[in-house]
Amino acid sequence: MAAGPSNTHNGQAAATLGLSPQIMTRLKPAKIFKSAIESPPPPSPSSFNGRPPQTEQKHLTGLSFDDSGSQVITAGEDETFRLYSCKTGKPLKTLYSKKYGVDLPRFTHKQTTIVHASTKEDDTIRYHSLHDNKYLQYFKGHKDKVVSLEVSPVDDGFMSGSMDKTVRLWDLRSPHCRGLLNLPAPPVVAYDASGLVFAVGVNTYARILLYDQANFDKAPFLVITLDDPTLALISYPPRPIYMTSLAFSSNGKYLLVGCSGNAHYVLDAFEGHLLAKLEGHVGLERRKLNAKESIEPQRGISGEEVSWTPDSKFVVGGSLDGKVMVWDVQNLPVKEGPIDLKAHPLRLQPITKLDGHPGPTRCVKFNPRLAMMCTAGAELTFWLPDTSPDPEETAKDLLKKKSAS
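Residue 1 is where the sequence shown starts when you use the UniProt record's numbering, and the numbers rise one by one after that.
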């Protein structure tokens with residue numbers, strides 16, 4: 001696999017490849033795992049009832065890279081989690097969680113352990129050893145589905161957001177919750193790169209709360225109102241925004257708000273100004289393109305489909321039509337002073353739409369160390385930049401040399 005932003009091996013610096021619009025637009029599928037999720041069993045003849053059988057395609061619902069970028073793990077609706085090598089492009093291990101289900105897999109700071117949410121039995125978060133294939137700890141407390149789960153970038157802490165309208169803070173070393181936030185609506189959560197600050201997005205109220213990790217029991221130090229005045233140009237009253245993920249950029253300047261509708265947002269992480277609206281994709285509020293849109297906005301199958309590149313220059317995202325979007329966010333406006341909720345954000349279209357998957361592209365993540373992207377839905381794809389010479393550029397160079405001689 002291609003080397004990414006930086007790496008070392010045996011004390012020597014590995015070749016690095018800076019991400020640019022040219023590189024991002026030339027990402028190509030290097031490996032496609034069509035059997036990354038089990039196919040649904042064929043329906044029994046007794047279930048036909050004179051109608052053609054309908055089998056629902058199962059999807060991969062989450063993926064996570066380890067800190068070194070050498071491994072990626074996926075979770076699927078077939079109740080399996082699968083480990084792959086990012087360097088060889090080969091599957092390493094398939095593990096099953098038929099009893100509890102598996103969602104939101106997240107590597108800890110060890111390559112051999114993950115935490116994940118459950119989809120059956122109860123809403124316990126589970127700490128799992130991939131090496132021994134056994135559970136090391138159970139984190140009980142949530143009373144409804146866990147929809148957001150993030151590991152601290154600096155220590156053994158992690159936090160979770162649930163449909164039970166709470167955020168819980170945990171430590172891998174203890175089964176007991178070490179912090180609890182009660183909220184008026186289901187939240188989504190994110191740590192900043194320093195691990196000192198975390199954000200909580202509260203749906204229905206369109207608020208994002210920023211907390212000091214050391215004083216989470218105090219009031220948030222910043223409350224951001226997520227208000228997009230351009231939505232009133234589509235319908236009035238405007239359809240509410242439904243947040244499904246939050247992610248700070250690695251440089252700490254920006255906060256990416258992933259939504260189930262047809263737009264994501266980039267905010268200034270220091271003051272809360274709305275800087276950009278990312279458009280051009282079909283939101284994952286529905287499971288299929290031909291499904292009708294609900295009256296009230298909902299989560300749908302959104303949550304894992306949009307993320308940053310590790311250099312904070314690009315945002316990559318999925319779409320209900322299977323496309324993979326790349327947005328260039330290197331030239332965002334600078335806003336200062338009081339927040340103007342009526343000011344229109346910069347509306348950004350993707351610099352490229354890559355042909356992705358059959359069905360929705362539900363998971364899109366960029367490797368933290370290598371110039372490689374993973375996308376998932378009904379199958380899993382590893383993407384690498386095509387670094388072969390561009391035929392048009394080669395032709396131009398030849399013409400220049402010819403005219404010079």
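Cβ coordinates follow ideal geometry from the N, Cα and C atoms, glycine included.
### Message
Helix, strand or coil for THR108? Go by DSSP, reduced to three states.
### Response
coil
### Task
Could you check the C-alpha separation between HIS59 and ARG173 for me, to the nearest Å?
32 Å
#### Entry: For LEU360, the nearest candidate out of ALA214, SER20, GLU293 and GLY283 (CA to CA)
The sequence given here places Pro at residue 360; Leu does not occur at that position. Per the Cα distances, GLY283.
### Exposure of HIS344, with buried meaning 16 or more beta-carbon neighbours within 10 Å
exposed
### Environment of GLU293 [buried if 16+ CB atoms lie within 10 Å]
exposed
### Query
Does the Cβ of TYR84 have 16 or more other Cβ atoms within 10 Å, making it buried, or fewer, making it exposed?
buried
### Query
For ALA190, does the count of other Cβ atoms within 10 angstroms reach 16, so buried, or fall short, so exposed?
buried
### Query
Below 8 Å between beta carbons: does that hold for LEU231 and PRO220?
no
### Query
Who does ALA276 pair with in a DSSP beta bridge?
VAL266 and LEU346
### Query
Under the three-state reduction of DSSP, which class applies to MET159: helix, strand or coil?
strand
### Message
Rounding to the nearest angstrom, what Cα-Cα distance links LEU384 and ALA30 in this structure?
### Response
6 Å
#### Entry: DSSP beta-bridge partners of MET373
PHE366 and TRP383
### Cβ-Cβ separation, LEU354 to LEU27 (assumed contact under 8 Å), whole Å
6 Å
### Task
Work out the CA separation of ALA199 and VAL102 for me, nearest whole Å.
24 Å
### Message
Does LYS99 come out as helix, strand or coil in the three-state DSSP assignment?
### Response
coil
### Message
Between which residues of its own chain and THR381 is the CB-CB distance below 6 Å, once the five residues before and five after are set aside?
### Response
PRO29, ILE32 and THR375
### Query
In whole angstroms, what separates the C-alpha of LYS143 from that of THR166?
9 Å
### Message
Strictly by DSSP, which residues pair up with LYS313?
### Response
Answer is none; LYS313 lacks a bridge partner.
### Cβ-based burial, ASN215 [other Cβ within 10 Å; buried from 16]
exposed
### Task
Pull up the DSSP beta-bridge partners for GLN71, would you.
SER85
### Task
Return the first residue and the last residue of the alpha helix (DSSP H) that GLN22 is part of.
21-24
### Query
Are there three or more Cβ pairs, one per stretch, closer than 8 Å when the stretch 120-128 is compared with the stretch 64-71?
no
### Query
Near CYS272, what residues of its chain come up, given a Cβ to Cβ distance below 7 Å and the 5 sequence neighbours on each side ignored?
At residue 272 the sequence reads Gly, which differs from the Cys that was named. The residues are LEU222, ILE224 and ILE339.
### Task
Can you tell me which of the three DSSP states LEU399 falls into?
helix
#### Entry: Segment limits, beta strand (DSSP E) that includes ASN182
174-182
### Task
Identify the continuous beta strand (DSSP E) that holds LYS353 and give its terminal residues.
352-354
### Task
Taking only the alpha-carbon atoms, compute the straight-line gap between PRO229 and GLU305 and give it to the nearest angstrom.
24 Å
### Task
Report the residue from ILE351, LYS365 and SER307 whose alpha carbon sits nearest the alpha carbon of MET24.
ILE351
### Query
To the nearest angstrom, how far is it from the Cα of SER39 to the Cα of PRO389?
39 Å
### Message
So ALA185 and LEU149 are supposed to be a Cβ contact under 8 Å. How far apart are they, rounded?
### Response
Actually they do not touch by this definition, with Cβ atoms about 18 Å apart.
### For GLU150: DSSP bridge partner residues
MET159
### Query
When we look at the beta-carbon of residue 416 and count the other beta-carbons within 10 Å, is it buried (16 or more) or exposed?
The first residue shown for the chain is 1 and the last is 405, placing residue 416 beyond what the model contains.
### Task
Tell me TYR135's beta-bridge partners as DSSP assigns them.
HIS128
### Message
Mapping the DSSP letters down to three states, classify LEU226 as helix, strand or coil.
### Response
coil
### Query
CA-CA distance, CYS363 and SER194?
25 Å
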